[in-house]
Structures are given as C-alpha cells and as structure tokens.
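K.L.:
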Amino acid sequence: MTGEQDKLTYAQAGVDIDAGNALVEKIKPIVKSTRRPGADGEIGGFGGLFDLKAAGFTDPVLVAANDGVGTKLMVAIEAGKHDTVGIDLVAMCVNDLVVQAAEPLFFLDYYATGKLEPEEGAAIVAGIADGCRQAGCALIGGETAEMPGLYREGEYDLAGFAVGAAERSALLPTNDIVDGDVILGLSSSGVHSNGFSLVRKIVERSGLSYSDPAPFAEGSSLGEALLTPTRIYVRPLLNAIRNTHGIKALAHITGGGFPDNIPRVLPKDYSVELDLDTIDVPPVFSWLAEVGGVEPNEMLRTFNCGIGMIAVVAAGQAAQVAAVLQQEGETVTPIGQIVLAREERVVYRGTLSL
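With the first letter of the sequence shown counted as 1, position 285 gets the number 285 in UniProt numbering; the numbers rise by one all the way through.
This is how it looks when you write it as structure tokens:
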C-alpha cells in the first residue's frame, strides 16, 4: 500500500496545470486583438468557431495550410528572443493560402514544450497574434502541450494551421498562362524561415555567437538579424488580385527556392526564365555564401535569395500590378518571363550578385 509520502501529483511529473491556466489568462487580450468579421468568440472552449457567412463570401472554396518554423526556433532559443517566431509561424501558412487567392480567415497554433514558462509562452503567442493582424485573420484557438522528457529544458516547438477562402471563380493559378507573361519578384525581409539548418552550420563555422554584432546588419546582433520575421504578403496581394485581375499565378519561395517552388504553379508546357542580374540580393545571403562557401546554385535551391514571392502577370498588366503592390509597400522587380517548356523548368541567365 502506498504511503502518504509516496503519493505523486501531475506537477511532480513535470506538468504544471496552473502555469497553463496562467498562460491562457495572459493571452486572452492578445487573442481578442485579432478578431475579424466571422470570429467573435473567446478562447478557452473545446473548439474555435468561425461564421463563414459573416465573412461576406458568395460561392467560397475553403483553402487550408499548415506549417512550422523549423530550426529557426533553435536560433530563437539560443538568442533568448521569442517575440517574433510567432510571426514566422503565421507567415509560412498564410503566404501559402494567398498563392491560391485565398483570404486567410482563421488560425490555430500548437505550442509544445518541456516546461511551460508563462512569460515566454505569452511572448510567442503575442508574435502569433501580430502575424494574424498583419494577415487579417483571427486567432481562434490553439493547444499548449507541456511534455517533460520529450523536450529538453528551454526547448519548444511550434506548428500552425490556417484556413482561408476564395471565391470559386477567382482561384489561382488561372488557366491562361502563356509564353511572354512577366515574372514579378516581391522582395523578402531576409532568410524567412527556410534553410536554418544550413544557417546554423554556417554560424558555427564563423565562430560567432548570436549575441555578437551581425557582420551584415549594422546595429543588430547576429541573432536579431537572423530572426527578422518572414514577410507576410497577404494584404498587398489580395488588393492586387481584386483590383487589377492581372495576376495569373503566385509562388511562395520557401524551401527549395526557385527551382522547386515556381514549377508548382506552371502548366507542364511552360518553363520560366529568370534574369539573376535583376535580383537585389540582401547582405545576409552574401555573408552566408561567403562564410559557408555555398555555391550559387545551392543558394538558389536553399534560400529565397531576396525574393520571397513571385507573381506571373500578363505582359500588358505588369506595370499596373507592380504599381498596386508598390503602393502597398512592396518592393517589386520584373525578374523574368514565361517561356515554352525547356529541359529545365526554371532556367537562369545572368549571375546572382552574392
């Protein structure tokens, strides 16, 4: 028979229910700040509600995406900076929605850790809420899991789930992509959230710590510079889609770079020719290539190299679409064109300026 001194509690096993409840109370006002038409509920229930009719769609098709932040989280953990990776989490999901012309409606997160620290968790959720506000979607729920033994002390992981909607008649890509269509490149904010296993290897080779000054970003530590959040393209792109009707396809440049992502939105009879001379490569990529001895083709398949999103646009509407995007704060550059199918789906000319 078990003695009084041998009786165990969940807290002694490493799970603090009170800490979880404290986190929920801390984030309630943060979550409330993301409300939008269709989402007016409080978190804390068993499921999040969304009223699609209240969002104003006539003939909607739902579009869903999920993603994580990858090993960029390890940089955040080592740098002790947790307030921006939530933006990355949202960005990686909603940027995948908008490429199909879907407006992000709601978002759910999954936050898992070995030991729950309410202040740290609140900083992470604040970043998620920031990303949701940027994208115009509501944070309607999520899950916090405290799992001692599965994660080492100080470690955590994030996953995100986004649902959007598009009118059936407006879905992208369209079926009228032709030879001569223009490729517009939208500038990235930096490395975004791909390739960080290589980034961390290069930082290790450099001998720098994440608290040291960034060699490529004056006034920032290396950790701060590498943790620059992924750019969220949703509002500018939706505005351009709805007001110009000139965008035929979009591709989110994530892991795999240009060669793996652009062909996903092209008809099989077409390739894309990119002029690498036109791309303004941010200094972070030059530093990574130099310190890591990374070849240009490897850079192009691992990183966005300065272009986080591409748009396929009819030649006659390229200037109009670019102007609308620029008015919304995007840096837009014509970087290539659609061509008849080649042996390679993505063909380069010029040289990447690393």
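No residue lacks a Cβ here, since even glycine has one placed at the ideal position from N, Cα and C.
Treat the numbers as computed from the prediction; the structure is a model and nothing was measured.
Tell me whether G223 sits in a helix, a strand or coil according to DSSP, three-state version.
P.N.:
If DSSP states are grouped into helix, strand and coil, G223 belongs with the helices.
K.L.:
Would you kindly check if the distance between the Cβ of G164 and the Cβ of L250 is under 7 Å?
P.N.:
No, these two residues do not count as a Cβ contact at 7 Å.
K.L.:
When you compare each of E343, V199, V234 to V272 by their alpha carbons, which one comes out closest?
P.N.:
Checked all of E343, V199, V234; the closest Cα to V272 is E343.
K.L.:
If I follow the unbroken alpha helix (DSSP H) through L97, where does it start and stop?
P.N.:
Element bounds for L97: 85-98.
K.L.:
Taking a contact to mean a Cβ-Cβ separation below 7 Å, would you say G131 touches G86 in this structure?
P.N.:
Going by C-beta atoms, G131 is nearer than 7 Å to G86.
K.L.:
Enumerate in chain order the residues of its own chain whose CB-to-CB distance from D157 is below 6 Å, with the five nearest sequence positions on each side excluded.
P.N.:
Here the set comprises A112.
K.L.:
Could you give the C-beta distance for A64 and P37, rounded to a whole number, given that I count them as a contact under 8 Å?
P.N.:
Not quite, the Cβ-Cβ distance comes to about 19 Å (not below 8 Å), so this is no contact.
K.L.:
Hey, would you say A126 sits closer than 7 Å to I241, going by beta carbons?
P.N.:
No. Outside cutoff.
K.L.:
Is P229 buried or exposed, if buried means 16 or more other CB atoms sit within 10 Å of its CB?
P.N.:
Flag for P229 reads buried.
K.L.:
Would you say L49 and G160 are within 7 Å of each other, going by their C-beta atoms?
P.N.:
Cβ atoms of L49 and G160: not closer than 7 Å.
K.L.:
Taking the alpha carbon of S169 as the point to measure from, which residue in G329, F57, A91 has its own alpha carbon closest?
P.N.:
Of the listed residues, the one whose Cα sits closest to S169 is F57.
K.L.:
Is L62 buried or exposed, if buried means 16 or more other CB atoms sit within 10 Å of its CB?
P.N.:
Its Cβ having fewer than 16 others within 10 Å, L62 is exposed.
K.L.:
Who does N66 pair with in a DSSP beta bridge?
P.N.:
Answer is F161.
K.L.:
Whose C-beta lies closer than 7 Å to the C-beta of T302 among residues of the same chain, with five residues either side of it excluded?
P.N.:
Cβ within range, chain order: G195, L198, G257.
K.L.:
Take the Cβ of R231 as the centre, count every other Cβ of all protein chains shown within 10 Å, and call the residue buried at 16 or more, exposed below.
P.N.:
Buried is the call here.
K.L.:
What residue from L108, A225, T278 has the CA that sits closest to S187's CA?
P.N.:
The option with the nearest alpha carbon to S187 is T278.
K.L.:
Per the DSSP calculation, G185 is bridged to which residue(s)?
P.N.:
Note: G185 sits in a beta bridge opposite I310, T333.
K.L.:
What would DSSP say about V265, mapped onto helix, strand or coil?
P.N.:
Helix.
K.L.:
Check the DSSP bridge columns for E167 and list the partner residues they point to.
P.N.:
Beta-bridge pairing links E167 to P60.
K.L.:
Look at the Cβ atom of A145, then the Cβ atom of I30, and state whether they are nearer than 7 Å.
P.N.:
No.
K.L.:
Can you check whether the CB of A135 is closer than 7 Å to the CB of V94?
P.N.:
Yes. Within cutoff.
K.L.:
Where does L150 land, buried or exposed, given buried means 16+ other C-beta within 10 angstroms?
P.N.:
Per the 10 Å Cβ criterion, exposed.
K.L.:
Where do the ends of the alpha helix (DSSP H) carrying V291 lie?
P.N.:
Looking at the DSSP string, the run of the alpha helix (DSSP H) that includes V291 is 283-292.
K.L.:
Start and end of the beta strand (DSSP E) containing K248?
P.N.:
Looking at the DSSP string, the run of the beta strand (DSSP E) that includes K248 is 247-252.
K.L.:
Determine the direct distance from the alpha carbon of I310 to that of T254, and round the result to whole angstroms.
P.N.:
Roughly 11 Å between the two C-alpha positions.
K.L.:
Evaluate T351 with the Cβ neighbour count: other Cβ atoms within 10 Å of its Cβ, from every protein chain shown; 16 or more gives buried, anything less gives exposed.
P.N.:
The residue in question, T351, is exposed, as its Cβ has fewer than 16 Cβ neighbours within 10 Å.
K.L.:
Could you spell out the range, first to last residue, of the beta strand (DSSP E) harbouring T145?
P.N.:
It is worth fixing the name first, because residue 145 is Ala in this sequence and not Thr. Counting along the chain, the beta strand (DSSP E) containing A145 begins and ends at 138-146.
K.L.:
With which residues is S271 paired in a DSSP beta bridge?
P.N.:
The partner list for S271 (beta bridge, DSSP) reads V339.
K.L.:
Count the other CB atoms within 10 Å of the CB of K72; is the residue buried (16 or more) or exposed (fewer)?
P.N.:
K72 should be labelled buried.
K.L.:
Looking at the strands, I want to know which residues DSSP matches up with A112.
P.N.:
Looking at the DSSP assignment, A112 forms a beta bridge with A145, D157.
K.L.:
Looking at A315: is its Cβ nearer than 7 Å to the Cβ of G141?
P.N.:
No. Outside cutoff.
K.L.:
I need the DSSP call for A214, collapsed to helix, strand or coil.
P.N.:
Three-state result, A214: coil.
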